Ligand SMILES: NC(=O)c1ccc[n+]([C@@H]2O[C@H](COP(=O)([O-])OP(=O)(O)OC[C@H]3O[C@@H](n4cnc5c(N)ncnc54)[C@H](OP(=O)(O)O)[C@@H]3O)[C@@H](O)[C@H]2O)c1
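See below:
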């Protein structure tokens, strides 16, 4: 499939799944807008993509700030005229038990994982609606399908992303020709676990990582590409992607 003049906006593109998705889409000729807070990481990825022959633009963005998302989307549209793909990927997972009352972490998770999806969507969807085409990918998780102890707030945020995805599909697909795909991975190798401030949960996650072959960011990126390349009549609305060895 030709992706000439296709433009993608990827949140959380400075590491993990987002960076892998940026590299994978750029290798297909898609122009990628890289949105995250760490500007130096974004610039390094832009250089890497350009030296591999792709096109990328760094968009320093805080997804918790609606104005920052609007500014990033406008910058991308000004540079490349359109936005065809939105990957709502930015997310945090600092694990803890409810009775530890880490209320700051709860707030940050809801702000990034839920409000971030809404803020980026509000910034990008008007362009897709104007174009009468687009494809939105929302990163939920296995934690958006089942609840795990220690992940209550994270699960609440990822269930919210799954619900939002289905609502977006119902409202946007038939009326505006915008496809919506909810991605629900199991364990993926990334920097996500570095956010865990609770020593016991951090050890638990490190032990799991040592005993299970996790997915790579590229596995999620290639799944995104698969859904993107599906015929226009076909919306891959959900993808549940698990490491073969993950039995939980
Ligand atoms: N790894 C897994 O096992 C797994 C499994 C299921 C689902 N997921 C989901 O996949 C997504 C990507 O996670 P990952 O595993 O790739 O983790 P990661 O390597 O930690 O990446 C998280 C990304 O989110 C960005 N981010 C955080 N706060 C932000 C903010 N306020 N504004 C803009 N960007 C922000 C970070 O960039 P900056 O710090 O530069 O802003 C970073 O690029 C998340 O939504 C996560 O919940 C991950």
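In the working numbering, the protein residues as written are 182 to 429. We put the beta carbon where it would ideally sit given N, CA and C, even for glycine. What you are looking at is a predicted structure, and each value in this text was computed from that prediction instead of being measured.
{"Item": "Have a look at 353, 278, 346 and 295 and flag the residue whose alpha-carbon is nearest the alpha-carbon of residue 333.", "Value": "278"}
{"Item": "Apart from the five residues just before and just after residue 395, which ones in its own chain have a Cβ nearer than 7 angstroms to its Cβ?", "Value": "368, 369, 370 and 424"}
{"Item": "Could you tell me the distance, in whole angstroms, from the CA atom of residue 304 to the CA atom of residue 281?", "Value": "35 angstroms"}
{"Item": "Please name the residue or residues paired with residue 237 in a DSSP beta bridge.", "Value": "213"}
{"Item": "Would you decide whether residue 329 is buried or exposed? Buried here means 16 or more other CB atoms lie within 10 Å of its CB.", "Value": "exposed"}
{"Item": "Note down the Cα distance separating residue 391 from residue 365, rounded to an integer number of angstroms.", "Value": "22 angstroms"}
{"Item": "So, residue 200 versus residue 237, is the Cβ gap smaller than 8 angstroms?", "Value": "no"}
{"Item": "On the CB-based measure, 16 or more other CB atoms within 10 Å of its CB, does residue 360 come out buried or exposed?", "Value": "buried"}
{"Item": "For ligand 1, is there any heavy atom lying closer than 7 angstroms to the beta carbon of residue 372?", "Value": "yes"}
{"Item": "Could you check whether residue 268 and residue 318 sit closer than 8 angstroms to each other, using their CB atoms as the reference points?", "Value": "yes"}
{"Item": "For residue 223 and residue 229, what's the separation of their Cα atoms in angstroms?", "Value": "10 angstroms"}
{"Item": "Return the CA-CA distance between residue 219 and residue 185, expressed in angstroms with no decimal places.", "Value": "28 angstroms"}
{"Item": "Between residue 308 and residue 263, which are expected to be in contact by the criterion C-beta below 8 angstroms, what is the C-beta distance as a whole number of angstroms?", "Value": "6 angstroms"}
{"Item": "Around the Cβ of residue 300, are there at least 16 other Cβ atoms within 10 angstroms (buried) or fewer (exposed)?", "Value": "buried"}
{"Item": "Where residue 419 and residue 322 are concerned, what is the direct C-alpha to C-alpha distance, given to the nearest angstrom?", "Value": "11 angstroms"}
{"Item": "Taking DSSP as the reference, what is the three-state secondary structure of residue 273?", "Value": "coil"}
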